[in-house]
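According to my numbering, the residues represented by the sequence shown are 17 to 426, in order. Here is the structure we will look at, set down as structure tokens.
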Amino acid sequence: MGMEETVVNVPSSIPLHLVGLKQRSFEKKYGITYQLQKRTGEVVLRGGRNEIKDAEEELLAVFARMHVQSSPAPAQRSTRMVPNKGPLRYYAAKDGASYAWTFVPAHAAFDVDMNMYPYELIQCRRPALPAPGTGRGDFMVNFDDNFIHVMATTIEKLTASNSRAVKVSGNFGKKLFRLNDVQPEREYSWEDLRWKNRFTAVKSSWSNVCDPNAVGLRELIADLRKQEADESVSKEIIKMWIKVGDNKEDDFKVEYVRRNGVWESKGASIAPTPHTAHDIILVDKASLRVWSYPKQVSIGNRWANITDALAIQESEDGDVFKTKAVLDHQEASSIPENVRISYQIVKSERKILFAGLVFALAQANDGSDTMLEVALPKADGKFLTPGDKFRLLLQRVQAVFAEYDAPLKA
17 MGMEETVVNV PSSIPLHLVG LKQRSFEKKY GITYQLQKRT GEVVLRGGRN
67 EIKDAEEELL AVFARMHVQS SPAPAQRSTR MVPNKGPLRY YAAKDGASYA
117 WTFVPAHAAF DVDMNMYPYE LIQCRRPALP APGTGRGDFM VNFDDNFIHV
167 MATTIEKLTA SNSRAVKVSG NFGKKLFRLN DVQPEREYSW EDLRWKNRFT
217 AVKSSWSNVC DPNAVGLREL IADLRKQEAD ESVSKEIIKM WIKVGDNKED
267 DFKVEYVRRN GVWESKGASI APTPHTAHDI ILVDKASLRV WSYPKQVSIG
317 NRWANITDAL AIQESEDGDV FKTKAVLDHQ EASSIPENVR ISYQIVKSER
367 KILFAGLVFA LAQANDGSDT MLEVALPKAD GKFLTPGDKF RLLLQRVQAV
417 FAEYDAPLKA
């Protein structure tokens, strides 16, 4: 396999000499070439594709941690981004420093391989032990006013060139883990845990399924369901992600909506690469993943031969959750054999306006699993910058959880 190269911009708030100190550890760990370009404020990574990808992801995480641990002064970042490199990812926990933490077996979720990611992280019910951490890690940070402020400012910088086309929304669920350098059922102090390197200590995945035992989230869902009959109409949706060969840039999403017993296509679009992804532990068993991302772009007729070959198969017993999308290669011989439906999901969804937020409450899998999305009403976010959307969304979520004896004190 040939050598590849990628360029990572260094945020202007981070001293370049600190970035230069990472050279030896990155080259030793990944077997790559790590070169700091001081004149342009960039790091050039050269090596194998997989090694470059992993090194770039870890380097971005290091930058993210440096942002969050900075003072409340606005963080600065270059607006010149390398395209299609994935979002900047952040991991935070409410009241993180107030408790010790432990990894425990998680409630099953249908959208994650539980054999691969069987654990979740929860608080121990006593104050954290004052044990200092060691090493240079970047596992997670405290969710507080500084986190919100720095993240909002970072989003502003990343989206400065096209702020009107940026959306901010959230999915309730939880982060699940495969443990490498940590032990299950063992108590970790906040200092010990947060200095762990999240690329070596664990591997993680995200589930959009709400845990029925999550205090605060459970009560919120119950109140939303009380309002369903009066304020919303359910609709059945099937979404599918089409994998087109080895080039990820060619992948796209197709959505169908069921109206009057008939599945109608809402078209195909390219899933945009998010600017940022923020995973925030709100309470035990409940987290919120907040995205900032460009609006989806329709692909028009680019892959019409593929979309024309899609068919929706309904169950004979009328169970909407047994509906399947299939791709008929025989009906469309022009479609390459490696084109496939990589993932699909059927949901029965209602949108509900509650507490100044728009919630999309859905049942999925066999109808027994709950999924919940949240966003600002369009009218409220129309004239806000992306950073202010992020800030207002979290403020309103905090206010909602405060009503259910699960306060979010940022």
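Every residue, glycine too, gets a C-beta built ideally from N, C-alpha and C.
CB contact flag (residue i, residue j, <7 Å)
i	j	result
D197	A217	yes
M132	A124	no
A108	V157	yes
F126	N381	yes
F159	I253	no
L104	L61	no
G283	S314	yes
A71	F406	no
G277	F337	no
N25	E67	no
F155	R210	yes
D227	K301	yes
Y106	Q139	no
I171	T292	yes
I351	N321	yes
W319	Y204	no
L195	A122	no
P310	A181	yes
Residue i versus residue j: straight-line alpha-carbon distance, rounded
i	j	result
V362	I328	11 Å
G403	I164	9 Å
K183	T175	10 Å
K110	G334	43 Å
L373	L298	17 Å
R65	V35	22 Å
R275	K251	8 Å
S281	V260	19 Å
W307	W206	26 Å
V23	K264	19 Å
N229	E136	13 Å
S427	M387	With the chain running from 17 to 426 in the structure shown, residue 427 is simply not present.
D161	L410	11 Å
A287	Y359	13 Å
P134	L233	21 Å
A378	Q199	35 Å
E419	N224	23 Å
L236	F417	8 Å
D262	F268	13 Å
T56	A371	46 Å
Y46	F79	18 Å
Residue(s) in a DSSP beta bridge with residue i
i	result
L22	It should be pointed out that residue 22 corresponds to Thr in this sequence rather than to Leu. L61, per the DSSP bridge assignment.
V249	None; V249 has no bridge partner.
S221	L192
Q360	M256
F268	I258
S308	V184 and T292
Y135	P121 and F193
S303	G189 and I297
S314	S285
F375	I368 and V390
R275	V278
A380	K363 and D385
Three-way DSSP call (helix, strand, coil) for residue i in this model
i	result
E43	helix
V184	strand
F155	coil
A418	helix
M167	helix
H123	coil
K338	helix
R234	helix
H291	coil
S331	coil
A116	coil
K405	helix
L392	coil
Q243	helix
T49	strand
G283	strand
R93	Low confidence applies to R93: its pLDDT is 31, below 50, so where it sits in the model is not reliable enough to give any reading.
V128	coil
T323	helix
D385	strand
E201	coil
E365	strand
K69	helix
L209	helix
V355	coil
T150	Residue confidence for T150 is low, a pLDDT of 43 falling below 50, so the modelled location carries little weight; the figure read from the coordinates is stated next. T150 falls in the coil class under three-state DSSP.
R214	coil
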